[in-house]
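Input: a single structure, listed below in structure tokens.
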Amino acid sequence: MNRIKEKFNLLKANNKKAFITFITAGDPSLSVTERLVLEMDRHGADVVELGVPFSDPTADGPRIQASSMRSLKAHTTLPKILNLVKKIRKKSNIPLVLMTYYNPVYAYGIKKFAGDAARAGVDGLIVPDLPPEEAEELIKESRRFNLANIFLLAPTSTKERIKKVMQKGSGFIYYVSLTGVTGERKTIPPDLYKKLKEIKSLTRKPVAVGFGVSRAAQIKSILKKADGVIVGSALVGIIEKNLNRKALYKEFNKKIDLFFKIIHKK
Amino acid sequence: MTDKKGYFGGFGGCFVPEVLIPALKELSKAYGDARKDKKFIKELDLLLHHYAGRPTPLYFAKRFSQTLGSNTRVYLKREDLAHTGAHKINNTLGQVLLAKRMGKKRIIAETGAGQHGVATATAAAMLGFPCEVYMGEEDIERQALNVFLMKLLGAKVISVVSGSRTLKDAINEAMRDWVTNVRTTYYVIGSVVGPEPYPRMVRDFQSVIGKETKRQIVQAEGRLPDYLVACIGGGSNSIGLFHPFYKTKVKFIGVEAAGLGVNSHKHAVTLGKGRVGVLHGSKSYVLEDKFGQINIAHSISAGLDYPGVGPEHSFYKNTKRAKYVSITDKEAVNAFKMLSEIEGIIPALEPSHALAWVKKFAHKLFKNKIIIVCLSGRGDKDVDIIAGYESNKRKI
Numbered sequence: 000m001n002r003i004k005e006k007f008n009l010l011k012a013n014n015k016k017a018f019i020t021f022i023t024a025g026d027p028s029l030s031v032t033e034r035l036v037l038e039m040d041r042h043g044a045d046v047v048e049l050g051v052p053f054s055d056p057t058a059d060g061p062r063i064q065a066s067s068m069r070s071l072k073a074h075t076t077l078p079k080i081l082n083l084v085k086k087i088r089k090k091s092n093i094p095l096v097l098m099t100y101y102n103p104v105y106a107y108g109i110k111k112f113a114g115d116a117a118r119a120g121v122d123g124l125i126v127p128d129l130p131p132e133e134a135e136e137l138i139k140e141s142r143r144f145n146l147a148n149i150f151l152l153a154p155t156s157t158k159e160r161i162k163k164v165m166q167k168g169s170g171f172i173y174y175v176s177l178t179g180v181t182g183e184r185k186t187i188p189p190d191l192y193k194k195l196k197e198i199k200s201l202t203r204k205p206v207a208v209g210f211g212v213s214r215a216a217q218i219k220s221i222l223k224k225a226d227g228v229i230v231g232s233a234l235v236g237i238i239e240k241n242l243n244r245k246a247l248y249k250e251f252n253k254k255i256d257l258f259f260k261i262i263h264k265k
Numbered sequence: 000m001t002d003k004k005g006y007f008g009g010f011g012g013c014f015v016p017e018v019l020i021p022a023l024k025e026l027s028k029a030y031g032d033a034r035k036d037k038k039f040i041k042e043l044d045l046l047l048h049h050y051a052g053r054p055t056p057l058y059f060a061k062r063f064s065q066t067l068g069s070n071t072r073v074y075l076k077r078e079d080l081a082h083t084g085a086h087k088i089n090n091t092l093g094q095v096l097l098a099k100r101m102g103k104k105r106i107i108a109e110t111g112a113g114q115h116g117v118a119t120a121t122a123a124a125m126l127g128f129p130c131e132v133y134m135g136e137e138d139i140e141r142q143a144l145n146v147f148l149m150k151l152l153g154a155k156v157i158s159v160v161s162g163s164r165t166l167k168d169a170i171n172e173a174m175r176d177w178v179t180n181v182r183t184t185y186y187v188i189g190s191v192v193g194p195e196p197y198p199r200m201v202r203d204f205q206s207v208i209g210k211e212t213k214r215q216i217v218q219a220e221g222r223l224p225d226y227l228v229a230c231i232g233g234g235s236n237s238i239g240l241f242h243p244f245y246k247t248k249v250k251f252i253g254v255e256a257a258g259l260g261v262n263s264h265k266h267a268v269t270l271g272k273g274r275v276g277v278l279h280g281s282k283s284y285v286l287e288d289k290f291g292q293i294n295i296a297h298s299i300s301a302g303l304d305y306p307g308v309g310p311e312h313s314f315y316k317n318t319k320r321a322k323y324v325s326i327t328d329k330e331a332v333n334a335f336k337m338l339s340e341i342e343g344i345i346p347a348l349e350p351s352h353a354l355a356w357v358k359k360f361a362h363k364l365f366k367n368k369i370i371i372v373c374l375s376g377r378g379d380k381d382v383d384i385i386a387g388y389e390s391n392k393r394k395i
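Chains as they are written, first to last, in numbering that gives the first Met the number 0: chain A, 0 to 265; chain B, 0 to 395.
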């Protein structure tokens with residue numbers, strides 16, 4: 000079974016929610032990313048998303064943009080990230096999702112990419128600029144290799160769209176909490192619960208909420224309706240503050256522990 | 000020519016984050032309704048006529064033609080004489096009028112050379128919208144006049160400091176704004192790029208160039224021309240000129256910016272040297288490295304300095320309907336000066352690339368031919384660049 004599915008089944012059986020993390024692969028280097036993923040696994044993250052840096056990240060706010068640029072400056076490429084996943088897989092069984100814009104995948108070749116990613120140990124793909132209508136080939140190849148296709152839903156998604164995304168998506172549904180780019184926000188959009196309720200009424204697939212999620216109160220109230228939360232910019236912020244500092248791992252783990260407590264302890 | 004999903008052959012499509020999908024569907028439907036609505040079409044026609052000064056003249060450039068020999072006759076489609084000094088107004092009037100019809104409250108745009116920014120600010124001012132224009136920091140420096148004009152027109156110019164600080168990053172930033180404010184904001188894209196329905200919608204609004212040209216050349220010469228020549232950045236003035244001639248035998252020449260040379264890595268020859276990729280919402284040729292990271296383009300002309308191109312051009316390239324060539328910074332500057340001196344017309348640096356190609360190749364290719372060059376804009380905005388280029392040359 001796909002590791003993501005297995006994980007969500009396990010969480011559900013234990014009446015728990017998913018703690019999903021995001022960092023950009025190769026920020027500031029692939030060896031740092033390797034260690035951070037292993038730390039996240041040890042400190043209780045349920046699923047890890049690795050960002051593939053892209054020169055033109057239109058769905059990202061300033062923090063993840065800067066992170067992508069640091070990674071590209073360090074000459075991170077998609078083949079190198081797949082190698083990293085191979086290395087991580089020797090030491091960890093945590094579900095790994097690649098979050099990438101479409102062009103690096105297209106340049107790699109969709110068919111080859113799906114096979115190589117699955118063989119390296121990737122479990123799922125999130126391609127934010129690839130809506131289901133344009134994803135036919137990627138879905139087809141992903142299915143052959145048991146890779147989950149995680150599609151996004153947004154506050155602007157209509158009922159018709161929700162149904163379509165449900166039908167094409169696998170792994171979990173990534174609900175974008177707000178109309179906007181990635182980055183921490185102070186509050187939760189007022190229509191979030193209503194939309195989550197609508198989505199949950201249309202599917203039995205797990206729904207995780209991301210974009211703008213970082214505060215304890217936000218997370219607690221989101222998890223009343225959702226099956227998981229995705230934390231990205233807050234973690235990337237720790238990396239940014241501790242570039243070339245030994246304290247990085249300590250600070251990073253502190254943050255992971257904090258989120259773990261909010262999500263998993265009642 | 001587009002199928003249901005907004006493809007031109009294999010190019011185009013709609014590669015955007017989910018949050019924008021409903022907005023693009025709404026736009027697509029609103030545009031479909033508007034173009035069938037006689038009232039909307041009439042209102043736009045009147046604005047193009049009384050406000051933008053259309054039809055623009057088709058001018059026979061006698062002295063320029065004489066320098067080419069071979070009895071070549073060159074006509075210039077004078078988009079430089081349209082209001083705001085470039086063809087960009089054709090599109091912005093159409094789109095801002097559509098924004099009004101859709102009940103949107105705010106207009107945003109990206110701009111490279113500033114011509115599209117000025118044209119958007121103009122249409123927004125006239126139709127009563129607040130307007131914000133994203134512009135790369137580097138372009139703000141090299142197109143100071145247009146920045147000042149946008150401000151005079153009541154628009155806010157937002158400096159973009161990410162990435163290459165040029166047009167590509169201005170589009171990224173405008174898309175981020177749109178993702179955030181999608182419910183109230185209309186994003187006026189300035190070229191035949193972006194996700195469906197933008198490439199075909201902008202093409203339709205710019206097709207007024209080709210439709211007028213067809214009428215005017217038949218009136219002047221009693222026949223269609225042999226060649227249409229236009230510069231290509233994103234490709235809106237060229238598609239606007241070419242498209243109404245699609246089903247004729249007239250040859251299309253698209254001229255890209257070769258910057259410091261096609262082998263210099265400092266160029267914007269997307270169709271000539273690029274690969275197929277996905278940038279800014281559509282599949283088309285792009286300048287990228289082998290890992291799919293977008294390269295930074297270079298051209299002396301800010302309006303051509305873009306590592307992507309409209310999907311319909313990619314389709315024309317692959318089906319060989321158009322031929323795509325390139326001209327260096329130096330050749331464009333020489334053509335700029337030549338036209339100024341012998342025709343009394345100071346062209347923008349962008350169409351100077353098209354003029355340069357005619358100047359360079361006319362004697363080889365054409366005898367007794369009629370060539371139409373789209374003079375997409377006037378050169379006032381470029382005089383500082385030309386002055387700087389000349390003084391740099393003296394230093395070397």
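All C-beta atoms, glycine included, are put in the ideal place defined by N, C-alpha and C. Computed from a predicted structure; not experimentally measured.
6 Å Cβ shell around residue i - same chain, five flanking residues per side excluded
{"i": "Ser-298 (chain B)", "result": "Ala-256, Gly-258, Ala-267, Asp-304"}
{"i": "Gly-162 (chain B)", "result": "Asp-168"}
{"i": "Gln-64 (chain A)", "result": "Pro-56"}
{"i": "Val-175 (chain A)", "result": "Leu-151, Ala-153, Phe-210"}
{"i": "Ile-237 (chain A)", "result": "Glu-250, Phe-251, Lys-254"}
Interface flag, residue i vs chain B, CB-CB below 7 Å
{"i": "Glu-133 (chain A)", "result": "yes"}
{"i": "Pro-26 (chain A)", "result": "Note that residue 26 (chain A) corresponds to Asp in the displayed sequence, not to Pro. Not closer than 7 Å to any Cβ of chain B, the Cβ of Asp-26 (chain A) fails to qualify, so no."}
{"i": "Asp-55 (chain A)", "result": "yes"}
{"i": "Pro-103 (chain A)", "result": "yes"}
{"i": "Pro-127 (chain A)", "result": "yes"}
{"i": "Gly-230 (chain A)", "result": "In the sequence as presented, Gly is not what sits at residue 230 (chain A); that position holds Val. No, no contact with chain B."}
{"i": "Thr-75 (chain A)", "result": "no"}
{"i": "Val-180 (chain A)", "result": "yes"}
{"i": "Leu-151 (chain A)", "result": "yes"}
Alpha-carbon spacing of residue i relative to residue j, whole angstroms
{"i": "Leu-374 (chain B)", "j": "Pro-346 (chain B)", "result": "7 Å"}
{"i": "Ile-87 (chain A)", "j": "Val-47 (chain A)", "result": "11 Å"}
{"i": "Gly-209 (chain B)", "j": "Pro-56 (chain B)", "result": "12 Å"}
{"i": "Glu-287 (chain B)", "j": "Pro-194 (chain B)", "result": "19 Å"}
{"i": "Val-178 (chain B)", "j": "Val-18 (chain B)", "result": "7 Å"}
{"i": "Lys-85 (chain A)", "j": "Glu-311 (chain B)", "result": "41 Å"}
{"i": "Leu-247 (chain A)", "j": "Arg-34 (chain A)", "result": "11 Å"}
{"i": "Leu-223 (chain B)", "j": "Tyr-107 (chain A)", "result": "45 Å"}
{"i": "Gly-68 (chain B)", "j": "Leu-338 (chain B)", "result": "16 Å"}
{"i": "Tyr-30 (chain B)", "j": "Met-200 (chain B)", "result": "8 Å"}
{"i": "Met-134 (chain B)", "j": "Ala-154 (chain B)", "result": "12 Å"}
Residues near residue i by beta carbon distance below 8 Å, same chain, minus five either side
{"i": "Ile-255 (chain A)", "result": "Thr-20, Glu-38, Met-39, His-42, Gly-43, Ala-44, Leu-234"}
{"i": "Glu-140 (chain B)", "result": "none"}
{"i": "Gly-291 (chain B)", "result": "Gly-276"}
Any C-beta of chain A under 7 Å from that of residue i
{"i": "Glu-17 (chain B)", "result": "yes"}
{"i": "Ile-292 (chain B)", "result": "It is Gln, not Ile, that sits at residue 292 (chain B) in the sequence shown. Closer than 7 Å to some Cβ of chain A, the Cβ of Gln-292 (chain B) qualifies, so yes."}
{"i": "Phe-14 (chain B)", "result": "yes"}
{"i": "Arg-175 (chain B)", "result": "yes"}
{"i": "Thr-181 (chain B)", "result": "First, the amino acid is wrong: residue 181 (chain B) is Val here, not Thr. It does; some Cβ of chain A falls within 7 Å."}
{"i": "Met-0 (chain B)", "result": "Residue confidence is low: Met-0 (chain B) scores 49 on pLDDT, short of 50, so the model does not pin down where it sits. No coordinate-derived value is stated."}
{"i": "Pro-21 (chain B)", "result": "yes"}
{"i": "Asn-317 (chain B)", "result": "no"}
{"i": "Val-466 (chain B)", "result": "Given that chain B is displayed from residue 0 to residue 395, the structure contains no residue 466 (chain B) and the question cannot be resolved."}
{"i": "Gly-193 (chain B)", "result": "no"}
{"i": "Gly-232 (chain B)", "result": "no"}
Proximal residues to residue i (C-beta, below 7 Å), its chain only, five neighbours per side dropped
{"i": "Leu-71 (chain A)", "result": "Pro-52, Ser-54"}
{"i": "Ala-355 (chain B)", "result": "Ile-326, Glu-330, Ala-331, Asn-333, Ala-334"}
{"i": "Phe-112 (chain A)", "result": "Val-104"}
{"i": "Tyr-197 (chain B)", "result": "Ile-188"}
Residue i, buried or exposed, once every other Cβ within 10 Å from all chains shown has been counted against 16
{"i": "Leu-152 (chain B)", "result": "buried"}
{"i": "Thr-157 (chain A)", "result": "exposed"}
{"i": "Val-382 (chain B)", "result": "exposed"}
{"i": "Val-160 (chain B)", "result": "exposed"}
{"i": "Pro-189 (chain A)", "result": "exposed"}
{"i": "Asp-203 (chain B)", "result": "buried"}
Residue i CB to nearest heavy atom of the ligand PLP below 6 Å
{"i": "His-297 (chain B)", "result": "In terms of ligand content, the structure shown is empty, and the ligand PLP therefore cannot be addressed."}
For this session: Could you name each continuous beta strand (DSSP E) segment of 3 residues or more that falls completely within the stretch 41 to 92 of chain A, going from the start of the chain to the end?
Result: For secondary structure counted as the beta strand (DSSP E) over 3 or more consecutive residues, the stretch 41 to 92 of chain A holds these complete runs in sequence order: 46 to 51.
For this session: Could you name each continuous alpha helix (DSSP H) segment of 4 residues or more that falls completely within the stretch 340 to 364 of chain B, going from the start of the chain to the end?
Result: Those alpha helix (DSSP H) runs which fall completely within the stretch 340 to 364 of chain B and span 4+ residues are 348 to 364.
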